[in-house]
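In my numbering, the protein residues as written are 47 to 121.
Ideal Cβ placement from N, Cα and C applies to all residues, glycine included.
Everything on this sheet refers to the single structure shown next.
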Amino acid sequence: MTTRLMETLDRDVAIMRTKMAEVMPAADGEARQARELMILLHTGLFVIQRDETSTVEELREFAGQILDRTRMTKQ
């Protein structure tokens, strides 16, 4: 089930990344990294909000995967 959520997250993040680049271009690496984290976290929350079929445990696992991605993004 979390695979479906991650696919939805990846799709929505790609859309948001494109839209954000148009209105908020990032000049340097740090600004780009901050924008990427903001997009990932906000989009993840919206994916969880829209989901109606996952169990609490699946949503916890999904949230953990999002946090893992934020750690990778910061490195």
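Check the Cα spacing between Arg-115 and each of Ala-60, Met-66, Asp-74, Leu-83: the tightest is with Leu-83. Annotated as distal: Met-62 and Ile-94, with beta-carbon spacing of 8 angstroms or more. In terms of Cα proximity to Leu-113, the closest of Lys-65, Leu-51, Arg-57, Gly-90 is Gly-90. Going by beta carbons, Glu-107 and Thr-54 fall outside the 8 angstroms limit.
For the pair Leu-87 and Asp-97, the CB atoms are not nearer than the 8 angstroms cut-off. In this structure, DSSP gives Ala-67 a helical state, which the three-state scheme calls helix.
Rounded to whole angstroms, the gap between the alpha carbons of Glu-68 and Ala-80 is 16 angstroms.
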